[in-house]
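J.:
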Amino acid sequence: MSVHKEIKKVTTNVLQEMKRKGEKISMLTAYDYTMAKIVDHAGIDVILVGDSASNVMAGHETTLPITLDQMIYHASSVVRAVDRALIVVDLPFGTYQGNSKEALNSSIKIMKESGAHAVKLEGGQEVTESILRILTAGIPVMGHLGLTPQSIYKFGTYNVRAKEELEAAKLIEDAHALEKAGCFAIVLEKIPAKLASQVAKELTIPVIGIGAGGGVDGQVLVFHDMVGLTHEFNPRFLRRYLNLYDDIKGAVGKYINDVKSTDFPNANEQY
Ligand code: KIV
200 MSVHKEIKKV TTNVLQEMKR KGEKISMLTA YDYTMAKIVD HAGIDVILVG
250 DSASNVMAGH ETTLPITLDQ MIYHASSVVR AVDRALIVVD LPFGTYQGNS
300 KEALNSSIKI MKESGAHAVK LEGGQEVTES ILRILTAGIP VMGHLGLTPQ
350 SIYKFGTYNV RAKEELEAAK LIEDAHALEK AGCFAIVLEK IPAKLASQVA
400 KELTIPVIGI GAGGGVDGQV LVFHDMVGLT HEFNPRFLRR YLNLYDDIKG
450 AVGKYINDVK STDFPNANEQ Y
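In C-alpha cells:
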C-alpha cells in the first residue's frame, strides 16, 4: 500500500519516506478554514499557507506587503481545519532576511501562535545561517529556489529562472546548501524541467516543483489558480481542474435575478 494511504498524519519523515519509495508528494496552498478542510479531507499531503495570500486573498500585486500577523491569522484558520496534512507556513518578506535571530523569532512566533508544523523561506546560501538557527528551536524548514516572488524587484519579471548556465549552476549549489543546512524539503519554482529533475536526483530530501516539470518528487499549485477562482493568471504550468470564477459568477447572477424578480424567497423558504 502507498505511504499516502497508510498515514494518519503527514510528518516531515513521511515525506522523506515517500521520496525514498518514489511516491509523489501532493501539495496545495490554503489560507482559510473552509477551503483547508476540503483540501485536507481530499487527502492532500502538504498544505502551504503561502504568502501568495498577499495576491489571492488581499489583492496585492506582489507577495511583499503581507505581514507576519496576517500570515499567522491565515495559518491558525488552516490549523483549526486540518487533521492529516503537514502544514507549512511561509515566512513573509522582511521577517527573516535581516539576520538569523530575526528569522528564529519570526519562526517561533508563527509556530507558537498558529500551531503550524513547519516554515518555508526563500533563498539559497544567503539564508543557510538562518535555517541553522531556526532548526536549533526544533522547527522544520522548507527551502524555496528558482523564481522566488519575494525578490521580484530584483528579477524584474516572473519569467522562467535559471535558463542560463551560470544561474543553473548557482541554483544547484544553493539546493545542496539548503539540504546541508537541514531543510526537510525544497520548492523549485518555474525553472527548466531538466534542471529540476537533476536537482531532485542529486538531493536526498524531497524536491517539490511548481512549473518545474514532472521529474521532481512532488507538485504544488496555488489553490485559487487550480480551481479557477482566478482567471487572469494563465502560466503554461497551470492545470485548472475547475472554472469556479465562471460558476460562482453565474450563480451570483442567478441569485440577483431571483431577488429582483421576487422569485426568492418562495413560500417554502420563509417562516
Ligand atoms: O506562496 C506560495 O503560494 C508559494 C508557492 C507558489 C510555492 O510559495
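Basically the numbering used here = 1-based index in the sequence shown + 199.
We treat Cβ as the ideally placed atom computed from N, Cα and C, and that holds for glycine.
With distances taken between CB atoms, is the gap from Val245 to Leu290 smaller than 8 Å?
T.: The answer is no: Cβ separation not under 8 Å.
J.: Could you give the distance in angstroms between the alpha-carbon of Glu468 and the alpha-carbon of Tyr230?
T.: For Glu468 and Tyr230, the distance between alpha carbons rounds to 33 Å.
J.: Does the structure place the stretch 296-314 close enough to the stretch 250-263 that three or more beta carbon pairs sit under 8 Å?
T.: No contact exists between the stretch 250-263 and the stretch 296-314.
J.: If you measure from the CB of Glu388, is any heavy atom of ligand 1 nearer than 7 Å?
T.: Glu388: yes, Cβ under 7 Å from ligand 1.
J.: Looking only at its own chain, which residues have a Cβ that is under 6 Å from the Cβ of Val421, when we skip the five neighbours before and after it?
T.: Contacts found: Thr228, Ser251.
J.: Using only the alpha-carbon positions, how far apart do Lys208 and Cys382 sit?
T.: Distance between the alpha carbons of Lys208 and Cys382 is about 20 Å.
J.: Between which residues of its own chain and Glu366 is the CB-CB distance below 8 Å, once the five residues before and five after are set aside?
T.: So the list reads Arg360, once near-sequence residues are dropped.
J.: Looking at Gly322: is its Cβ nearer than 8 Å to the Cβ of Thr347?
T.: Yes.
J.: Look at the Cβ atom of Leu370, then the Cβ atom of Leu344, and state whether they are nearer than 8 Å.
T.: The answer is yes: Cβ separation under 8 Å.
J.: Is Leu247 near ligand 1, in the sense that its beta carbon is under 7 Å from a heavy atom of that ligand?
T.: Because some heavy atom of ligand 1 lies under 7 Å away, the Cβ of Leu247 counts as near it: yes.
J.: What separation, rounded to the nearest whole angstrom, lies between the Cα atoms of Ala399 and Pro464?
T.: So the two alpha carbons sit approximately 56 Å from each other.
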